[in-house]
Amino acid sequence: MTVTGPHDDGSAGRRRMRGAWHASRRALVASRRAVAPPLRAAVRVADRPRMWRRLGLALALVVTSLVGVTIGLLVAGPSHDDVGPFAAQFSLTPSLSGGTEVQIPPLGSLELASHDGPAHLTVRLEALDQKRTLALATDPNGIAKASSGAVNDVERGITRMVFQATGAGVLGALVLSAFVFRNMKRVAICGALALVTILGSGGIAVATFRPGSVDEPRYHGLLSNAPAVIGDAKQIANQFGQYRDELQRLVNNVSKLYGTLSTLPVYQPAPGSLRVLHISDLHLNPAAWSVISTVVKQYDINLVVDTGDIDDWGTQVEASFVNSIGALKIPYVFVRGNHDSGTTADAVAKQSNAIVLENRIVTVDGLTIAGIGDPQFTPDKEPGPSGAAGHQAAEVQEASGEKLAQTIRNAGKPVDVAMVHEPASAGALDGLVPLVLAGHIHHRDVSTMPQLTGQQKTALMVEGSTGGAGLRGLEGEAPTPLEMSVLYFDPTHALQGYDDITLGGTGQTEVTIQRHVVKAPPSGSPSGSPNPSRS
């Protein structure tokens with residue numbers, strides 16, 4: 001018989017417990033191996049939205065930074081500086097192709113493939129500063145100084161613009177990110193991204209800079225319509241010394257005109273008389289406005305009359321050229337020329353002191369004026385057509401003059417002055433008015449039209465080109481002079497006399513002011529018939 005003691009029972013119990021423990025451990029390991037892969041997969045799935053959120057946040061930071069930089073550049077990026085006598089605006093804008101654009105209102109613009117990268121440079125010549133222009137005119141070495149300092153002026157302007165644009169771009173990014181995220185860390189990140197973007201763009205521009213691009217510009221606007229003038233500009237660039245001397249002489253002309261007008265014994269008309277400045281054919285020459293302004297002030301002009309061709313092509317881009325009319329601050333009566341479109345007339349009419357006559361009659365300062373615009377719009381036509389085309393054009397002009405004559409007859413009241421553009425329109429006005437003003441032919445001519453029986457004499461005064469025929473005045477060996485006339489009307493609105501002012505064209509130094517006194521008509525002759533004599 002076998003007897004089991006207490007010791008044997010304890011050992012068996014421990015073995016059973018150890019076996020149960022190992023069994024449960026194996027079961028736990030097996031279950032963990034079975035459950036772990038699905039749990040890890042579930043965790044990865046749960047982390048995906050967080051990853052997308054991080055990517056979305058990074059993208060939002062970049063986009064916000066770029067948009068902020070763009071807004072900053074557009075709002076506060078442009079800077080203003082002086083380039084010679086010009087006030088210029090320098091600005092940077094985002095671009096895919098880089099490059100530089102030089103805007104020269106109202107002539108148009110030119111593009112230079114100066115650099116690559118996401119930054120486009122724009123230089124806009126906005127206006128001439130009066131004080132610097134006068135200083136340039138009175139300094140014999142003014143042109144030389146302006147020429148030597150032009151490069152430094154541009155470099156200074158671009159440098160100032162770069163610093164201002166950098167600050168504006170970074171500030172724009174900071175402000176926009178603060179509004180979007182409201183988190184200082186993210187705002188700082190956007191500011192850093194903006195700075196890196198701007199500096200990187202500048203680095204690309206410097207690395208790809210092409211100095212030779214100045215020799216191959218692309219022209220837009222009116223500049224592209226004047227290839228002959230563009231050719232002259234290239235020749236000027238190659239022979240700058242000679243051109244600088246010619247330009248210096250032209251500036252001296254203006255200075256000489258100032259001095260001549262200051263010392264000239266001004267004609268003393270009767271009390272209550274009018275001083276009228278007759279101009280014509282500016283042809284988009286900005287230099288004409290400074291001379292006109294000087295004459296208006298020196299002669300105390302009451303009224304300006306313009307017989308057309310203020311523009312060259314009648315395009316919208318030329319509209320800003322007429323803004324100088326408002327600066328004269330006296331009435332300005334205008335009729336269209338064959339180079340002036342309806343757009344031109346609308347731009348003139350928008351000036352607060354301007355009156356556009358289109359087959360109508362107005363009274364300004366007591367002087368009754370009738371006028372009609374040129375019936376044809378032919379911006380590519382030169383003055384003086386010939387042959388069959390010239391005959392047909394003359395018939396159209398005569399019909400236009402007859403139309404204005406009928407308007408005068410229907411008005412039933414005396415007209416003191418009639419305005420047309422082409423002299424060919426004046427024939428129908430003979431005997432209806434004492435004075436007809438015209439332009440178009442680019443040289444001055446004064447004549448008395450054939451007197452009709454029982455009617456008053458009519459004088460035809462054709463003005464030369466106050467703009468020196470504009471850009472075309474630079475062509476050829478005989479530059480077109482700048483011409484204008486001051487007309488003196490007595491209280492009865494009869495012409496007493498006139499001063500013909502001539503400023504020599506480019507390369508010429510002569511300035512002349514010739515006075516003409518209108519002789520009183522013989523006893524029994526109709527009044528208001530000019531018979532000029534030189535004095």
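Quick note: the sequence shown uses the UniProt record's numbering, first residue 1, plus one each step.
Positions of the beta carbon are idealized from the N, C-alpha and C atoms, including for glycine.
Keep in mind the model is a prediction, meaning the values are calculated, not measured.
Find the nearest neighbour of residue i within the set the options, judged by alpha-carbon distance.
i       : options                            : result
Pro-414 : Ser-447, Ile-279, Leu-435          : Leu-435
Ala-194 : Ser-352, Gly-169, Phe-179          : Gly-169
Leu-367 : Asp-445, Val-304, Lys-350          : Val-304
Arg-210 : Thr-100, Asn-302, Val-187, Val-276 : Thr-100
Val-291 : Gln-397, Thr-344, Ala-459, Ser-485 : Ser-485
Ala-370 : Ala-347, Gln-406, Lys-350          : Gln-406
Leu-482 : Leu-357, Ser-465, Ala-207          : Ser-465
Thr-64  : Gly-98, Leu-274, Thr-208, Ala-192  : Ala-192
Val-180 : Val-67, Asp-81, Ile-279            : Val-67
Val-362 : Ser-400, Val-348, Ala-411, Gln-392 : Ala-411
Leu-125 : Arg-156, Gly-98, Ala-88            : Ala-88
Gly-326 : Ala-345, Asp-346, Ser-352, Asp-312 : Ser-352
Lys-519 : Met-184, Thr-512, Tyr-498, Thr-502 : Tyr-498
Pro-450 : Lys-297, Arg-26, Ala-399, Ala-426  : Ala-426
Asp-365 : Thr-378, Thr-159, Thr-480, Ile-355 : Ile-355
Leu-199 : Leu-92, Ala-394, Val-295           : Leu-92
His-115 : Leu-404, Gly-203, Arg-54           : Gly-203
Pro-379 : Leu-404, Asp-312, Glu-395          : Asp-312
Arg-156 : Lys-403, Asp-81, Glu-111           : Asp-81
Leu-171 : Val-187, Thr-159, Arg-182, Ile-330 : Val-187
Ile-104 : Val-123, Thr-208, Ser-95, Ser-97   : Val-123
Taking 8 angstroms as the threshold (beta carbon to beta carbon), is residue i in contact with chain B?
i      : result
Val-62 : Of the protein chains in the structure, only one exists, and it is not chain B.
So for residue i, helix, strand or coil by DSSP?
i           : result
Arg-515     : strand
Met-449     : coil
Arg-18      : helix
Val-396     : helix
Phe-209     : coil
Glu-126     : strand
Glu-318     : helix
Val-251     : Confidence in Val-251 is poor, its pLDDT being 47 and thus under 50, which makes the residue's placement unreliable; the coordinate value appears in the next sentence. Helix.
Leu-176     : helix
Ala-418     : strand
Arg-409     : helix
Leu-282     : coil
Pro-434     : coil
Pro-94      : strand
Asp-346     : helix
residue 540 : Limits of the chain in this structure are 1 at one end and 535 at the other, which puts residue 540 out of reach.
Asp-153     : helix
Glu-475     : With a pLDDT of 48 at Glu-475, under the threshold of 50, the modelled position of that residue is not reliable, and no figure is offered here.
Ala-428     : helix
Gln-456     : coil
Arg-186     : helix
Asn-323     : helix
Ser-290     : helix
Ile-71      : helix
Who pairs with residue i in a beta bridge, going by DSSP?
i       : result
Arg-218 : Glu-111
Ile-501 : Met-484, Ile-513
Thr-100 : Leu-112, Leu-121
Ile-355 : Val-333
Asp-374 : DSSP, once it has assigned bridges, lists no residue as partnering Asp-374.
Val-364 : Leu-367
Met-181 : What sits at residue 181 in the sequence shown is Phe, not Met. Answer is none; Phe-181 lacks a bridge partner.
Ala-88  : Asp-81, Leu-125
Phe-489 : Leu-274, Leu-495
Leu-59  : According to DSSP, Leu-59 bridges with nothing at all.
Val-304 : Leu-277, Tyr-332
If contacts are defined as beta-carbon pairs under 8 angstroms, then residue i and residue j qualify, I think. What distance do you get, rounded to the angstrom?
i           : j       : result
Phe-86      : Met-161 : Phe-86 to Met-161, Cβ: 15 angstroms. No contact.
Leu-61      : Ile-189 : 6 angstroms
Ile-301     : Leu-282 : About 16 angstroms separates the two Cβ atoms, so there is no contact after all.
Gln-514     : Ser-273 : With 8 angstroms as the limit, Gln-514 and Ser-273 do not qualify as a contact, their Cβ atoms being about 20 angstroms apart.
Ala-113     : Ser-201 : The Cβ separation is near 17 angstroms, so there is no contact.
Gln-397     : Ala-424 : 4 angstroms
residue 567 : Asp-153 : Outside the displayed span of the chain (1 to 535) sits residue 567, for which this structure offers no information.
Inter-stretch contact at 8 angstroms, needing at least 3 Cβ pairs: the region 479 to 495 / the region 312 to 322
no
Whether or not the region 333 to 341 and the region 295 to 314 are in contact is what I'm after, with contact meaning three or more pairs of Cβ atoms, one per stretch, closer than 8 angstroms; do they touch?
yes
Is it true that the region 326 to 335 meets the region 418 to 427, where meeting means three or more beta-carbon pairs spaced less than 8 angstroms apart?
yes
Could you tell me whether the region 426 to 434 touches the region 446 to 464, where touching means 3 or more Cβ pairs closer than 8 angstroms?
yes
Please confirm if the region 171 to 182 is in contact with the region 60 to 78, defined as three or more CB-CB distances below 8 angstroms between the two stretches.
yes
Can we say the region 73 to 87 touches the region 153 to 170, given the rule of at least three CB pairs closer than 8 angstroms?
yes
Can at least three beta-carbon pairs, one atom from the region 320 to 332 and one from the region 286 to 301, be found at a separation below 8 angstroms?
yes
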